[in-house]
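These notes concern the structure reproduced below.
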Amino acid sequence: RLRAMSYLAQAIDYEVWKAAKVLSVQNREFESNVIYGNRDSLWEADGHEEGDNVPFKAVRENNQWRFYFRHDKWSPWEEYVLPWQ
Numbered sequence: 008r009l010r011a012m013s014y015l016a017q018a019i020d021y022e023v024w025k026a027a028k029v030l031s032v033q034n035r036e037f038e039s040n041v042i043y044g045n046r047d048s049l050w051e052a053d054g055h056e057e058g059d060n061v062p063f064k065a066v067r068e069n070n071q072w073r074f075y076f077r078h079d080k081w082s083p084w085e086e087y088v089l090p091w092q
């Protein structure tokens with residue numbers, strides 16, 4: 008039972024983190040059309056991120072942001088949409 012609660016807490020924490028990343032991109036101005044991030048920060052793309060273990064990416068197309076997450080550098084990017092959008 009304790010293990011199940013711990014797993015649930017981790018899953019909730021991960022979902023909250025994803026929503027926070029999306030909202031922080033939406034609430035800031037970026038010159039670049041590609042933004043990357045990890046647990047602690049966001050930055051405009053500088054070209055090495057696809058090969059690194061970067062878990063978050065935002066791509067602006069036609070003035071609309073699309074958001075992607077992955078578990079590690081070997082995992083595919085999975086698009087993420089906020090649950091309330």
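Each residue of the sequence shown is one higher than the one before, counting from 8 in our numbering. No residue lacks a Cβ here, since even glycine has one placed at the ideal position from N, Cα and C.
Sheet register partners of residue i (DSSP bridge)
i      : result
Gly-44 : Leu-49 and Phe-63
Arg-73 : Val-66
Glu-86 : Tyr-75
Residue i in three-state terms, based on DSSP
i      : result
Arg-35 : coil
Trp-24 : helix
Arg-10 : helix
Gly-58 : helix
Cβ pair residue i, residue j closer than 7 Å
i      : j      : result
Asn-34 : Arg-67 : no
Asp-79 : Asn-60 : yes
Tyr-87 : Lys-25 : yes
Phe-37 : Glu-51 : yes
Val-29 : Leu-89 : yes
Trp-84 : Arg-77 : yes
Ile-42 : Ala-16 : no
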